[in-house]
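Report on one structure; see the data block that follows.
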Amino acid sequence: MSTEAQELKNGGFWSRARDSDIWFSFRKSKVTIVAAIVTALIFLSALFAPLIAPHNPFDLATLSLLDSLTPPVWEEGGDPRFLLGTDDQGRDILSTILYGSRISLAVGIASVLFAAILGISLGLLAGYVGGRTDSIIMRIADVQLTFPAILIALLIDGSVRSVLGGIDREQSAFYVLVVSIGLSFWVQYARTVRSSTLVEKNKEYVQAARLIGLHPIKIMARHVLPNVMGPVLVIATINLALAIITEATLSFLGVGIPPTQPSLGTMIRIGNDFLFSGEWWITMFPGIALAVLVLAVNLLGDWLRDALNPRLR
Amino acid sequence: MLGFIIRRLIQSVVVMLVVSLIAFVMFRFIGDPVDQMVGLETTLEERAQLREQLGLNDPLPVQFWNFVSKAAQGDLGISYQFKQPVSQMIGERLPATLELSFVSAVFALVAGIPMGVFTALRRESILSKIFLTVSLIGISLPTFLIGILLIFVFAVNLQWLPSFGRGEVVDLGWWSTGFLTVSGLKALILPSITLGLFQMTLIMRLVRSEMLEVLRTDFIKFARARGLKDRAVHFGHALKNTLVPVITITGLQLGSIIAFAIITETVFQWPGMGLLFLQAVQNVDIPIMSAYLLMIAFLFVVINLIVDMLYVVVDPRIRLGGNKA
Numbered sequence: 029m030s031t032e033a034q035e036l037k038n039g040g041f042w043s044r045a046r047d048s049d050i051w052f053s054f055r056k057s058k059v060t061i062v063a064a065i066v067t068a069l070i071f072l073s074a075l076f077a078p079l080i081a082p083h084n085p086f087d088l089a090t091l092s093l094l095d096s097l098t099p100p101v102w103e104e105g106g107d108p109r110f111l112l113g114t115d116d117q118g119r120d121i122l123s124t125i126l127y128g129s130r131i132s133l134a135v136g137i138a139s140v141l142f143a144a145i146l147g148i149s150l151g152l153l154a155g156y157v158g159g160r161t162d163s164i165i166m167r168i169a170d171v172q173l174t175f176p177a178i179l180i181a182l183l184i185d186g187s188v189r190s191v192l193g194g195i196d197r198e199q200s201a202f203y204v205l206v207v208s209i210g211l212s213f214w215v216q217y218a219r220t221v222r223s224s225t226l227v228e229k230n231k232e233y234v235q236a237a238r239l240i241g242l243h244p245i246k247i248m249a250r251h252v253l254p255n256v257m258g259p260v261l262v263i264a265t266i267n268l269a270l271a272i273i274t275e276a277t278l279s280f281l282g283v284g285i286p287p288t289q290p291s292l293g294t295m296i297r298i299g300n301d302f303l304f305s306g307e308w309w310i311t312m313f314p315g316i317a318l319a320v321l322v323l324a325v326n327l328l329g330d331w332l333r334d335a336l337n338p339r340l341r
Numbered sequence: 094m095l096g097f098i099i100r101r102l103i104q105s106v107v108v109m110l111v112v113s114l115i116a117f118v119m120f121r122f123i124g125d126p127v128d129q130m131v132g133l134e135t136t137l138e139e140r141a142q143l144r145e146q147l148g149l150n151d152p153l154p155v156q157f158w159n160f161v162s163k164a165a166q167g168d169l170g171i172s173y174q175f176k177q178p179v180s181q182m183i184g185e186r187l188p189a190t191l192e193l194s195f196v197s198a199v200f201a202l203v204a205g206i207p208m209g210v211f212t213a214l215r216r217e218s219i220l221s222k223i224f225l226t227v228s229l230i231g232i233s234l235p236t237f238l239i240g241i242l243l244i245f246v247f248a249v250n251l252q253w254l255p256s257f258g259r260g261e262v263v264d265l266g267w268w269s270t271g272f273l274t275v276s277g278l279k280a281l282i283l284p285s286i287t288l289g290l291f292q293m294t295l296i297m298r299l300v301r302s303e304m305l306e307v308l309r310t311d312f313i314k315f316a317r318a319r320g321l322k323d324r325a326v327h328f329g330h331a332l333k334n335t336l337v338p339v340i341t342i343t344g345l346q347l348g349s350i351i352a353f354a355i356i357t358e359t360v361f362q363w364p365g366m367g368l369l370f371l372q373a374v375q376n377v378d379i380p381i382m383s384a385y386l387l388m389i390a391f392l393f394v395v396i397n398l399i400v401d402m403l404y405v406v407v408d409p410r411i412r413l414g415g416n417k418a
């Protein structure tokens, strides 16, 4: 037996991964490889922003209004200290983009997690318990599905902020965004998980678990859940791009992350006021960063959906 | 047919009731309505009087009933911020949003369907690939970014088109229209492209995939075997059979267009309902928020109802309800 075959038989993780359909379809698609590299680069540069950014845009002591509205290096009047120019407060655009994509990604990931946990729990509950619980949860889901997510996020955002009222906006903005985006995206998870739960709960292993007297919550969490997670991962990837767009949109509309520690959307909003006076770089560079990020994540999501679910191709 | 319509009507009423419950809860429990309406110098007695006047001491179900029946008669409360009746404010801004949404929908259909047909028929041509790539970018880019890009190119650099507002409008009774003046029409171009681009790419992709599907079926082969011209096969047979999903999606998207107008209206400072709603969210003007919610829900429900009925008219194969033939 050759070593390779033996390795295969032993089923080491890497050899199994190398032979999997997913890896094959990944290698086959050049677009996906590029998208993966771009996504990884953006994630890493966001993660290590404090290390690689040339300036710290949140450190007010280093900012000088004299540096404000400096154009990018290659334009007339550019300053080699600020590669992509500065905004109206003298913050270096490149550094602010690095820190900003950090916030955008954090909000995106946190709200996808929030939506997934909420949706999966409610979907499991609806599918497994059935009856009135099921119809109440799914009717709420139906009504919510009639409205676009952005509208729901705006409504929740407005309501939550007015309930919080006096609490410091800079502190709460992140959590308010995560809750409003999360609450507007849970339905998809709930519906998918519910329908696979309906299939799973009549299978023998679940009946066996029920027979030996396990608590329903334990059956749902330990037995049903692992078997309904596949499609959830795909939805989560596709939703990440949507969540990032929603965060950027809310911030652009002025109800998201405040301008003191801007996300990409907030930066675009700040720059939009300067578009007419010729300072295009304040808007355009964060815009390009956002577009590239969303496009890359979208392409990865599309590929993952096709790879895991050949019927949809 | 009648049973189907009645069933759908009942469903719609239930949806509207649920939405009005949410709107009512928002209106009643987020912030105190009395505090929002009066100034700091108002005495406790005056507050209590206002509270009684507004019916805030009634049992909750009674309050809810009053809220719904008033809303049904078009009384949606008074804006905290502007101290004007909300229904009047929305009425003034409704034409702007509806005209923008209408033009965007038309743009999405007029550009999307031919592009979809083309990409399905000439799959290998370079133009098709360009269309598909552009549509992928169109789906990925956030609406507001597209708007900003269009403003940057056509309003700031080329200075061909205005970047904000509706231009000159003509009042036709209670409806103000931008269709009748040159500046009004010019002002419509950029916002409606921004708003309709996503729907256009969606329709294009839908038409393309449906066309590809239909072109593979037997009746198309048969039509070809009968010696029909390509033109007749493609447009008379194939395109006609893609229309059911296109109608559904367009109808459903019409709702999203009206909702997404919030973003486009903000980018272009378009004086419509969306801008009003956004200002209400920023200033926590709850009566406007809940009124807008009701308004949008009503539009959505009506659109869904019409789409469901069109479905049956367009495709007689669709059997209604649960009667298993």
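Chains as they are written, first to last, in the working numbering: chain L, 29 to 341; chain A, 94 to 418. Glycine residues also receive a C-beta, built at the ideal position from the N, C-alpha and C atoms.
List, in order along the chain, the chain A residues whose C-beta lies closer than 7 angstroms to that of residue i?
i: T311 of chain L; result: I241
i: G315 of chain L; result: L238 and I241
i: G186 of chain L; result: V374, V377 and M382
i: V206 of chain L; result: Those within 7 angstroms of V206 of chain L in chain A number zero; the least Cβ separation is about 17 angstroms.
Taking 8 angstroms as the threshold (beta carbon to beta carbon), is residue i in contact with chain L?
i: V111 of chain A; result: yes
i: V244 of chain A; result: The sequence shown places Ile at residue 244 of chain A, not Val. Yes, its Cβ sits closer than 8 angstroms to a Cβ of chain L.
i: V106 of chain A; result: no
i: F353 of chain A; result: yes
i: K417 of chain A; result: Its pLDDT being 38, under 50, K417 of chain A is placed unreliably by the model, and nothing is read from it.
i: P284 of chain A; result: no
i: P338 of chain A; result: no
i: P235 of chain A; result: yes
i: M119 of chain A; result: yes
Which residue from the options puts its Cα closest to that of residue i?
i: L238 of chain A; options: A:L283, A:T270 and A:L299; result: A:L283
i: V385 of chain L; options: L:I245, L:A143 and L:A218; result: Beyond the ends of chain L as shown, which are 29 and 341, falls residue 385 of chain L; an answer cannot be given.
i: V339 of chain A; options: A:V400, A:R215 and A:Q181; result: A:V400
i: Q292 of chain A; options: A:S228, A:L147, A:W253 and A:L95; result: A:S228
i: D323 of chain A; options: A:V337, A:L308, A:N334 and A:T335; result: A:L308
i: V157 of chain L; options: L:L211, L:V252, L:L192 and L:D330; result: L:V252
i: A198 of chain A; options: A:I350, A:W363, A:Y404 and A:I313; result: A:I350
i: N334 of chain A; options: A:T310, A:A204 and A:F353; result: A:T310
i: M130 of chain A; options: A:M208, A:Q252, A:A164 and A:F175; result: A:F175
i: E450 of chain A; options: A:T274, A:L254 and A:L321; result: Residue 450 of chain A lies beyond the residue range present for chain A, which begins at 94 and ends at 418; the question has no answer from this structure.
i: D170 of chain L; options: L:G155, L:R219 and L:G299; result: L:R219
i: L281 of chain L; options: A:T359, A:A352, A:G184 and A:F122; result: A:T359
Check whether the Cβ atoms of residue i and residue j sit closer than 8 angstroms, and answer yes or no.
i: P99 of chain L; j: W309 of chain L; result: yes
i: S129 of chain L; j: A74 of chain L; result: yes
i: P235 of chain A; j: A276 of chain L; result: yes
i: I241 of chain A; j: L182 of chain L; result: no
i: L268 of chain L; j: I184 of chain L; result: no
i: G348 of chain A; j: I296 of chain A; result: no
i: F370 of chain A; j: Y385 of chain A; result: yes
i: G155 of chain L; j: K229 of chain L; result: yes
Residue i touches chain L at which residues, Cβ-Cβ below 9 angstroms?
i: T359 of chain A; result: F280, L281 and G282
i: I356 of chain A; result: I178, T277, F280 and L281
i: I230 of chain A; result: A319 and L323
Is there a C-beta anywhere in chain A that falls below 8 angstroms from the one on residue i?
i: R189 of chain L; result: yes
i: N326 of chain L; result: yes
i: G128 of chain L; result: no
i: A319 of chain L; result: yes
i: I178 of chain L; result: yes
i: I209 of chain L; result: no
i: I273 of chain L; result: yes
Run down chain A in chain order and give the residues with a C-beta less than 8 angstroms from the C-beta of residue i.
i: L253 of chain L; result: Near L253 of chain L there are no residues of chain A at all, since even the closest Cβ is about 30 angstroms away, more than 8 angstroms.
i: T174 of chain L; result: V108, G348, A390, F393, V394 and N397
i: L182 of chain L; result: I355, F370, L371 and V374
i: V62 of chain L; result: The contacting residues do not exist; V62 of chain L stays about 13 angstroms from chain A at best.
Using the beta-carbon of each residue, which ones in chain L are nearer than 7 angstroms to residue i?
i: Q87 of chain A; result: Shown here, chain A extends from 94 to 418; a query on residue 87 of chain A therefore has no answer.
i: V249 of chain A; result: L303 and F304
i: I123 of chain A; result: S187, S190 and V191
i: L371 of chain A; result: L281
How would you list, in chain order, the residues of chain A whose beta-carbon sits under 9 angstroms from the beta-carbon of residue i?
i: T124 of chain L; result: Those do not exist, as T124 of chain L stays about 17 angstroms from chain A at its closest Cβ, beyond 9 angstroms.
i: L270 of chain L; result: Those do not exist, as L270 of chain L stays about 10 angstroms from chain A at its closest Cβ, beyond 9 angstroms.
Please list, in chain order, the residues of the segment 292-312 of chain L that have any C-beta partner in chain A closer than 9 angstroms.
G293, I296, R297, G299, N300, L303, F304, G306, W308, T311 and M312
With 8 angstroms as the C-beta to C-beta threshold (strictly closer), list the residues of the segment 376-403 of chain A near chain L in chain order.
V377, I379, M382, L386, I389, A390, F393, V394 and N397
Scan the segment 297-315 of chain A for residues whose Cβ lies nearer than 8 angstroms to a Cβ of chain L and list them as they occur along the chain.
none
The segment 73-88 of chain L: which residues have C-beta closer than 9 angstroms to a C-beta of chain A, in chain order?
none
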